[in-house]
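In the numbering used here, the protein residues as written are 239 to 535. All C-beta atoms in this analysis are idealised placements derived from N, C-alpha and C, irrespective of residue type, glycine included. Owing to the predicted nature of the structure, the values given are computational and were not obtained by experimental measurement. Let me begin by presenting the structure, written as structure tokens, before commenting on it.
Structure (structure tokens):
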């Protein structure tokens with residue numbers, strides 16, 4: 239963390255250790271596609287909502303915070319009283335706009351998500367996804383980031399920024415090395431703009447040489463002007479616990495992850511039972527990794 243770090247109190251989304259073991263359940267069309275792999279009929283909106291309610295009910299007793307979105311989850315989950323006491327509520331304020339190539343091609347701040355409303359229902363944080371592309375003008379994403387940080391601050395909410403590295407808009411060839419370079423370029427561009435917490439992709443997708451993954455995580459720590467956590471997208475399921483450990487040992491403070499916790503459950507005949515059998519132990523294991531890594535800081 240650089241010298242520009244904020245002193246914002248993040249305890250509302252943290253474990254007693256000071257680390258973060260946060261659950262992401264804000265997936266939208268990507269989640270519909272995951273269910274479609276397991277069934278022949280259409281995946282309904284209600285099916286997605288029901289899955290989110292069950293996931294939140296089963297896993298939030300073991301999470302320091304949970305991330306939900308307006309489209310399928312926020313109001314239904316609150317109406318079901320599914321969030322466990324002590325688990326902070328994070329609301330996604332990103333409107334995800336897809337096209338024929340990507341589930342998420344563009345992102346805008348969703349005007350339908352009111353920070354004041356989020357605060358009134360007990361929410362403690364907002365999250366914004368930002369797409370970093372090497373061939374796009376950085377000014378719009380920088381402006382959107384600054385606007386997001388300001389709106390969260392005005393509402394008294396924690397701001398969580400999630401920049402992700404994406405291919406060029408022109409569709410030119412995209413290598414894993416170029417993706418990795420984008421992770422660091424995004425951190426340099428957006429990691430010092432005042433967000434209270436930065437959610438980063440794991441360098442090298444957490445694969446390969448441990449020393450190289452460590453170096454990448456240490457570089458993020460040196461670059462980002464706030465505490466930071468890892469996300470799980472792109473990291474092989476079996477490698478995510480290692481990725482969390484390496485990142486935290488090199489300066490990260492935890493994770494905000496979804497699929498690495500509950501992906502095995504999608505398509506199960508008995509969702510609540512599958513959550514108890516697979517996802518609960520997984521989330522508890524990841525939380526213990528975070529606690530061990532941040533101990534003594």
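What is the C-beta distance between residue i and residue j, in whole angstroms, given that I count them as a contact (C-beta under 8 Å)?
i           : j           : result
residue 296 : residue 528 : About 20 Å separates the two Cβ atoms, so there is no contact after all.
residue 421 : residue 439 : 5 Å
residue 347 : residue 369 : Actually they do not touch by this definition, with Cβ atoms about 13 Å apart.
residue 286 : residue 310 : 5 Å
residue 272 : residue 503 : Rounded, the Cβ-Cβ distance is 10 Å, inconsistent with contact.
residue 251 : residue 363 : 6 Å
residue 270 : residue 281 : 5 Å
residue 453 : residue 475 : Rounded, the Cβ-Cβ distance is 24 Å, inconsistent with contact.
residue 386 : residue 268 : Not quite, the Cβ-Cβ distance comes to about 22 Å (not below 8 Å), so this is no contact.
Pull the bridge partners of residue i from the DSSP assignment, please.
i           : result
residue 397 : 364
residue 304 : 261, 327
residue 494 : 260
residue 467 : 437
residue 369 : 402
Identify the continuous beta strand (DSSP E) that holds residue i and give its terminal residues.
i           : result
residue 346 : 344–347
residue 332 : 332–335
Quick one: give me the first and last residue of the alpha helix (DSSP H) that residue i is part of.
i           : result
residue 425 : 414–428
residue 451 : 448–461
residue 509 : 509–512
residue 286 : 283–297
Considering only the alpha carbon of each residue, which of the options lies closest to residue i?
i           : options            : result
residue 396 : 457, 412, 372, 432 : 432
residue 482 : 492, 463, 406, 419 : 492
residue 246 : 406, 534, 472, 435 : 435
residue 408 : 401, 417, 374, 382 : 374
residue 317 : 405, 445, 291      : 291
residue 288 : 299, 278, 320      : 320
According to the Cβ coordinates, are residue i and residue j closer than 9 Å?
i           : j           : result
residue 332 : residue 345 : yes
residue 415 : residue 455 : no
residue 428 : residue 459 : no
residue 304 : residue 279 : no
residue 468 : residue 485 : yes
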